[in-house]
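Under my numbering, the first residue of the sequence shown carries the number 1095, and numbering increases by one thereafter. Even glycine gets a Cβ: it sits at the ideal position worked out from N, Cα and C. Computed from a predicted model, the values in this text were never measured in an experiment. Single-structure report; data block below.
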Amino acid sequence: MNKKVIFISWQNHRRSQTLSRRLDIKLTEILSGCHKFIRYPLLFVKTFRIIKKENPDCVIVMNPSLLLSLFTVVWGKILGKAVIIDAHNVGIHFEHFNMLLRRTGQRLNRFIMKNAALTIVTNLGLAEYVTANKGKPFIIPDPLPIFGKYRKLRLKGEKNVFYICTFSGDEPYMELLKAAEYIDEKIFIYVSGDYNSKALPEKSASNIIFTGYLSETEYVDYLHSADIIVDLTYRQDCLVCGAYEAVAAEKPMVLSDTSALKNYFRDAALYTTDSPEDISRRINEAVKDIPGLTEKVKKLKAGCEKEWMKKKKKFEEAVSYISDK
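Set out below in structure tokens:
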């Protein structure tokens, strides 16, 4: 790429880290643990200084943060610089429990889409929404992460499932916990994520183990030690990060039955509805066909890499074009 491009994020996220690395673009993660009344002014000042110092032809920012994306798009319009938004699902469909804030956030999301030079999304459904809001989408799925060394853990079950969970509102984790009651007690389900503040059942099935928050190293260890990876979402247009990670680790998967996930991961996964009965059924099926599913995942992994390199080339061409306008 013959243009100077920088990538800025206000969060620590695997997608931006992997995407920037694979695109050979410098990533700056601007993080702060201060109270929001101090944090946001501090983040704005640091962002402005970085952009001024680097003087790039093009800036890529991650949405979320909506405020970072809004600031950068306005800056780009004023100075005639190309701004690309790497839009996660909430960067397309804003989420908040307060209806007024949700509507305001969605209006700002539409403004950002409309005024960005490009909006990166992971699938066709999100791309169509960007186009409908007068934006310019570019579809580029997450690149498969490359893991370093990991430790094989001695897990308790004859077969072990790693359920990738953050206990967010878009995840059917209560249904998964119920599903464990229908699964052979010799199959253990390890549930990731900080669950302390969540209203969970007083008593879970004996084969459920909550790991709590995991460090990156611990997370990768569990990912490679389990026999089956489960990652579920209510969102229809979400390509869950855990599925990419499962493919990279060459692990069989049970995913939500959505068009977006089925179109990308095809026969390398089993797909389930949100009912506990169906979740348990698919996990049992996956356990019985670990060798077959593993081979399909390996085949998908090889194909994903080839397709992603083609996307990378087209993206670099697009960046050069919009930077010259």
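Nonlocal neighbours in the same chain, by C-beta distance under 6 Å from T1216, ignoring five residues either side: Taking the sequence shown and counting its residues from 1, the one referred to as residue 1216 is at position 122. Counting only Cβ-Cβ distances below 6 Å, and skipping sequence neighbours, we find P1235 and L1333.
What do you get for F1131, buried or exposed, if any count of 16 or more other CB atoms within 10 angstroms of its CB means buried? Looking up residue 1131 in the sequence shown gives position 37. By the neighbour-count rule (16 or more Cβ atoms within 10 Å), F1131 is not buried but exposed.
Considering only C-alpha positions, which residue in the set L1117, N1106, I1100 and L1137 is nearest to F1409? Translated into the one-based positions of the sequence shown, residue 1409 becomes position 315. Closest option to F1409, Cα to Cα, is L1117.
Hey, V1224 and I1178 are a contact pair by Cβ (cut 8 Å); roughly how many whole angstroms apart? On the sequence shown, position 130 is the one that residue 1224 refers to. On the sequence shown, position 84 is the one that residue 1178 refers to. Contact doesn't hold; Cβ gap of about 12 Å is too wide.
V1334 (DSSP reduced to helix, strand or coil): Here the question's residue 1334 lines up with position 240 in the sequence shown. The three-state reading of DSSP puts V1334 in coil, since its state is none of H, G, I, E or B.
Is A1299 near the ligand COA, going by C-beta to nearest heavy atom under 7 Å? Of ligands this structure carries none, so the ligand COA is not represented either.
In the region 1112 to 1190, which residue ranges form an unbroken beta strand (DSSP E) of at least 3 residues, counting only runs that do not cross its ends? Taken in chain order, the unbroken stretches of beta strand (DSSP E) that lie wholly in the region 1112 to 1190 and span 3 residues or more are 1120 to 1123, 1152 to 1157 and 1176 to 1181.
Tell me whether the beta-carbon of D1238 lies closer than 8 Å to the beta-carbon of V1341. The residue you call residue 1238 lines up with position 144 of the sequence shown. The residue you call residue 1341 lines up with position 247 of the sequence shown. Before going on, a small fix: residue 1238 reads as Leu here, not Asp. Cβ distance < 8 Å, so L1238 and V1341 count as in contact.
What would DSSP say about T1213, mapped onto helix, strand or coil? Locating residue 1213 in the sequence shown gives position 119, where the first residue counts as 1. T1213 falls in the strand class under three-state DSSP.
Three-state secondary structure assigned by DSSP to K1253: Translated into positions along the sequence shown, residue 1253 becomes position 159. Residue state, collapsed to three classes: strand.
Is N1301 closer than 8 Å to A1274 when the C-beta atoms are compared? Locating residue 1274 in the sequence shown gives position 180, counting from the first residue. Locating residue 1301 in the sequence shown gives position 207, counting from the first residue. Against a cut-off of 8 Å, the Cβ pair of N1301 and A1274 comes out as a contact.
For the candidate residues E1344, F1282 and R1201, whose alpha-carbon lies nearest to that of L1387? For the purposes of this step, residue 1387 is identified with residue 293 of the sequence shown, where counting begins at 1. If we check each option's Cα against that of L1387, E1344 comes out closest.
State the beta-bridge partners of I1100 as determined by DSSP. Along the sequence shown, one-based indexing puts residue 1100 at 6. DSSP lists K1120 and V1153 as partners of I1100.
Mind checking which residues open and close the beta strand (DSSP E) that includes E1328? Counting from one through the sequence shown, the residue named residue 1328 turns up at place 234. A small fix is needed here, since residue 1328 is Tyr in this sequence, not Glu. Premise fails: Y1328 is in no beta strand (DSSP E) and is neither H nor E.
Could you check whether I1322 and A1396 sit closer than 8 Å to each other, using their CB atoms as the reference points? Here residue 1396 corresponds to residue number 302 of the sequence shown, with the count starting at 1. Here residue 1322 corresponds to residue number 228 of the sequence shown, with the count starting at 1. Not in contact: A1396 and I1322 (Cβ atoms no closer than 8 Å).
Grab me the residues of F1304's own chain with a C-beta within less than 6 Å of its C-beta, minus the 5 sequence neighbours each way, in chain order. By 1-based counting over the sequence shown, the position of residue 1304 is 210. V1285 and Y1289.
Between the C-alpha atoms of T1366 and E1148, what's the straight-line distance to the nearest angstrom? As a working mapping, residue 1366 is identified with position 272 in the sequence shown. As a working mapping, residue 1148 is identified with position 54 in the sequence shown. Between T1366 and E1148, the C-alpha separation is close to 47 Å.
Any chance the region 1192 to 1200 sits against the region 1123 to 1140, with 3 or more Cβ pairs inside 8 Å? no
In angstroms, rounded to a whole number, what distance separates the CA positions of A1210 and S1414? The residue given as residue 1210 occupies position 116 in the sequence shown. The residue given as residue 1414 occupies position 320 in the sequence shown. Going by the C-alpha atoms only, they are around 15 Å apart.
For F1241, which of helix, strand or coil comes out of DSSP? Along the sequence shown, one-based indexing puts residue 1241 at 147. Three-state DSSP puts F1241 in coil, outside helix and strand.
Per DSSP, cross-strand counterpart(s) of P1231: Along the sequence shown, read from residue 1 onward, the residue named residue 1231 stands at position 137. According to DSSP, P1231 bridges with T1213.
8 Å Cβ cutoff met for I1240 and L1162: If you number the sequence shown from 1, residue 1240 lands on position 146. If you number the sequence shown from 1, residue 1162 lands on position 68. Contact: no.
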